[in-house]
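Quick note: the sequence shown uses the working numbering, first residue 6, plus one each step.
Note that CB positions come from ideal geometry on N, CA and C, so glycine has one too.
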Amino acid sequence: MRFPSVFSTLALGLGVALTVSGQRRCGSQPSVEKITEAEAHFQANKVEASALDAESKSGGKTVLNVYWHVIAAGKSLKQGNVPDKQIKANIAQTNKDYSKTGIQIKLVKIDRTFNKLWFNNVTDGVPEEDAMKKALRKGGPADINVYTVGFEGGPTPDLLGYATFPRDYAKNPRDDGVVIKYSTLPGGTAAPYNQGKTFTHELGHWLGLYHPFQGESCSGPGDYVDDTPQEKSSASGCDYGRDTCPKQPGKDPIHNFMDYSDDVCLTELALDDMRFYSVISTLALGLGVALTVSGQRRCGSQLSVERITEAEAHFQANKVEASTLDAESKSGGKTVLNVYWHVITAGKSLKQGNISDKQIKANIAQTNKDYSKTGIQIKLVKIDRTFNELWFNNVTEETPEQDAMKKALRKGGPADINVYTVRLETESAPHLLGYATFPRDYANNPQNDGVVIKYSTLPGGTEAPYNQGKTFTHELGHWLGLYHPFEGESCSGPGDYVDDTPQEKSSASGCDYGRDTCPKQPGKDPIHNFMDYSDDVCLTEFTKGQIKRIKYQIRTYRGVKC
6 MRFPSVFSTL
16 ALGLGVALTV
26 SGQRRCGSQP
36 SVEKITEAEA
46 HFQANKVEAS
56 ALDAESKSGG
66 KTVLNVYWHV
76 IAAGKSLKQG
86 NVPDKQIKAN
96 IAQTNKDYSK
106 TGIQIKLVKI
116 DRTFNKLWFN
126 NVTDGVPEED
136 AMKKALRKGG
146 PADINVYTVG
156 FEGGPTPDLL
166 GYATFPRDYA
176 KNPRDDGVVI
186 KYSTLPGGTA
196 APYNQGKTFT
206 HELGHWLGLY
216 HPFQGESCSG
226 PGDYVDDTPQ
236 EKSSASGCDY
246 GRDTCPKQPG
256 KDPIHNFMDY
266 SDDVCLTELA
276 LDDMRFYSVI
286 STLALGLGVA
296 LTVSGQRRCG
306 SQLSVERITE
316 AEAHFQANKV
326 EASTLDAESK
336 SGGKTVLNVY
346 WHVITAGKSL
356 KQGNISDKQI
366 KANIAQTNKD
376 YSKTGIQIKL
386 VKIDRTFNEL
396 WFNNVTEETP
406 EQDAMKKALR
416 KGGPADINVY
426 TVRLETESAP
436 HLLGYATFPR
446 DYANNPQNDG
456 VVIKYSTLPG
466 GTEAPYNQGK
476 TFTHELGHWL
486 GLYHPFEGES
496 CSGPGDYVDD
506 TPQEKSSASG
516 CDYGRDTCPK
526 QPGKDPIHNF
536 MDYSDDVCLT
546 EFTKGQIKRI
556 KYQIRTYRGV
566 KC
């Protein structure tokens, strides 16, 4: 807690209007252990410098969407009900502050929630924060959710803000975002922190930056940015010439947006650009060419309306009797399907697609976990490796390379799963994660049957947020006869032909809790369904209707007794 000095009060004309301590308080304080773990993960997974160099030199801007959630105790400004004008002024200030980084932000929506408990009590890790974020958060990992609250009733009344870090998203997407004190917006009452730079500071954390005084040492890694001078403690005011580490090069970075100086003193992000772009690209914020998948999951198993209509007519005319399936499903037995895994590589390194047996077995385990309630399990019977640069680079649906690959490698019959891991980075489909054939296709072209996925989507791969192995779970769903829940992109059509899957007009992304693209239809969008396009961490379930459809499909077309 700080007591405002007489000098500051007189110079700034604040009087009792000074509502925060003289020392800027930020709640984004990860432990040494958490930082060490996060940095180890970052170093192991970050994108190549060459890609970042090309990106940063191109001069292009990356624009991130902002959803701004105003939490107020009432309708007055003193109760947190900040006007749109202040919010837009803060967006403008933050864009000015980030003008040299290549990052800009775009305000896409403002919503207002009148909740006195949330306004007063929200801080990091409390039930009110969890309830607020669960109810309001929108978008995916590249969407910035800002919550303005009062911080007045919690344990830290002098708090100005806090934020999650990029590494946190995969573990808890719903928690992702920035929380700031409403009075720190431009023109607010939280002087000397009322020029909007609290948002600039907390956004820096959300983008992967630490405080320059992290660890409070003159010899430690500090903020893990080489060109930030060492600083032993946080700055305050605008202490020109401050030097807490006199034996290290440079004075304290009091003008750095990530320090604790007054807003008027914060003017720069004097950081290593390579780290800045590496963090946001590596942790899947959908930025520029360094991120190898788009913010939206891409699946190539996209059938035309005509083809689906024909397939469904054939299925209805030929499917097995429900009584047979009901009797078998009640028996509690498991159906085990064999998997032949074909690793296609351009060389011997992991970056050339040469994934390890350990990763493959981890994906098998993940997929069995995902299908544990369906009665279907899979068994890895063989892994083979083929070094073929043309196949690795050029295979996608209906290319000559795909035909040659499958002709040479496919094994087994209609009930055997053939998985091919390739690069899937072609000009025609630069963001593809995978595709699969459907059960009905087998009779027409047995050789083509199988699942093709991007090698880096396996557990521990570089394709975050699609690197927990659930791309295989998703594509296997197609191979077993399931469509996307947003099939047909309509709120009135048949969708995925499963009655208990809620209608969805478009594919999901991120982990968009509460998303409802068909508000006049029962249920929210099925963002947790393995057949949607949400991030891997958000995909957790099949419906009972989908499970029943799987059994009908593979009994009818793959000769599987289940």
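On a Cα-Cα basis, can you pick out the residue from N393, E273, S104, V71 that is closest to K92? Just to set this straight, residue 92 is Ile in the shown sequence, not Lys. With distances taken between Cα atoms, I92 lies closest to V71.
Have a look at E480 and L487 and give me their C-alpha separation to the nearest angstrom. Rounded to whole angstroms, the separation of the alpha carbons of L487 and E480 is 9 Å.
To which residues of the same chain is Y174 closer than 6 Å at the C-beta, ignoring the five residues directly before and after it? Setting aside the 5 residues that flank it on each side, Y174 is surrounded in the same chain by P146, D181, each with a C-beta closer than 6 Å to its C-beta; the list follows chain order.
Can you tell which of N534, Y562, R563 has the C-alpha that lies nearest to the C-alpha of K549? The candidate whose alpha carbon is nearest that of K549 is N534.
Between T350 and T478, what straight-line distance do the alpha-carbon atoms span, to the nearest angstrom? Looking at the two C-alpha atoms, the distance is approximately 22 Å.
For the putative contact between H216 and F170, defined by C-beta atoms under 8 Å, what is the C-beta separation to the nearest angstrom? 12 Å between Cβ atoms; not a contact.
What residue from Y103, I149, K566, Q235 has the CA that sits closest to G338's CA? Per the Cα distances, K566.
Just to confirm, is the Cβ distance from V154 to Y167 under 7 Å? Contact: no.
With a CB to CB cut of under 7 Å and the five nearest residues on each side skipped, what residues in its chain are close to A513? The residues are R520, D530, I532, D537, Y538, S539.
For Q371, name the three-state secondary structure that DSSP assigns. Looking at Q371 - three-state DSSP - the assignment turns out to be helix.
Shortest alpha-carbon distance to Y447 belongs to which of Q253, L544, H483? Closest by alpha carbon: H483.
Between the alpha carbons of G227 and G220, how many angstroms are there, rounded? Straight-line Cα distance between these residues: approximately 6 Å.
By a C-beta neighbour count over all protein chains shown, 10 Å radius and 16 as the cutoff for buried, is E498 buried or exposed? Reading off the sequence, residue 498 comes out as Gly, not Glu. Counting Cβ neighbours within 10 Å, G498 comes out exposed, since fewer than 16 surround it.
Nearest to K384 (by Cα), restricted to the options A370, P254, N399, I458: Considering only A370, P254, N399, I458, the residue with the shortest C-alpha distance to K384 is A370.
From the DSSP output, in three-state form, read off T379 for me. Of the three classes helix, strand and coil, the one that applies to T379 here is coil, per DSSP.
Whole angstroms is fine: what's the gap from Y460's alpha carbon to D231's? C-alpha separation (whole angstroms): 33 Å.
In its own chain, which residues sit with a C-beta less than 7 Å from the C-beta of T426, not counting the 5 before and 5 after it? Apart from sequence neighbours up to five positions away, the residues of its chain that approach T426 with a beta-carbon distance below 7 Å are V348, I349, G358, I360, I458, Y460, ordered along the chain.
Nonlocal neighbours in the same chain, by C-beta distance under 6 Å from K324, ignoring five residues either side: Around K324: Y557, T561.
Alpha carbon to alpha carbon, what distance is there between Q508 and L414? L414 and Q508: Cα-Cα distance of roughly 39 Å.
Residues in its own chain within less than 7 Å of Q526 by CB, not counting five upstream and five downstream? Contacts found: C496, P507, Q508.
If I follow the unbroken alpha helix (DSSP H) through V131, where does it start and stop? For V131, no alpha helix (DSSP H) encloses it, and the DSSP letter there is neither H nor E.
Give every residue of the same chain whose Cβ lies closer than 7 Å to the Cβ of T379, excluding the five residues on either side of it in the sequence, and list them in chain order. These residues qualify, in order along the chain: F547, I552, I555.
Alpha-carbon to alpha-carbon, I259 and Q253: Cα-Cα distance, rounded: 15 Å.
Identity of the residue in A409, V400, N423 nearest L432 by Cα: The sequence given here has Glu at residue 432, not Leu. The shortest Cα separation from E432 among A409, V400, N423 belongs to V400.
Return yes when the C-beta of I532 is under 6 Å from any heavy atom of the ligand FMN, and no when it is not. The model on display carries no ligand, and the ligand FMN is accordingly not part of it.
Return the chain-ordered list of same chain residues with a C-beta closer than 8 Å to the C-beta of S238, the five sequence neighbours on each side being excluded. Cβ contact annotation for S238 (same chain, cutoff 8 Å, sequence separation greater than five): F218, E221, T249, in chain order.
State yes or no: is the C-beta of G201 within less than 7 Å of the C-beta of Q98? Yes. Within cutoff.
For G246, which residues in the same chain have their Cβ closer than 8 Å to its Cβ, ignoring the five residues on either side in sequence? Residues K256 of the same chain have their beta carbon placed closer than 8 Å to that of G246, with the five preceding and five following residues left out of the count.
Three-state secondary structure (DSSP) of H436: The answer is coil: DSSP assigns H436 none of H, G, I, E or B.
What are the boundary residues of the beta strand (DSSP E) that R179 is part of? Element bounds for R179: n/a, residue is neither H nor E.
Report the three-state DSSP secondary structure of C270 (helix, strand or coil). It is helical.
I think Y152 touches I76, with their Cβ atoms under 8 Å apart; what is that distance to the nearest whole Å? Rounded, the Cβ-Cβ distance is 6 Å, consistent with contact.
Beta-carbon within less than 7 Å of G158's beta-carbon, same chain only, minus the 5 sequence neighbours each way: which residues are those? For G158, where only same-chain residues beyond five positions count, the Cβ hits under 7 Å are N125, N126.
Cα separation between L141 and N177? Cα-Cα distance, rounded: 15 Å.
Those residues which DSSP pairs with N343 across a bridge: DSSP lists K384 as partners of N343.
Measuring straight from C-alpha to C-alpha, what distance separates G439 and C304? Rounded to the nearest angstrom, the two C-alpha atoms are 5 Å apart.
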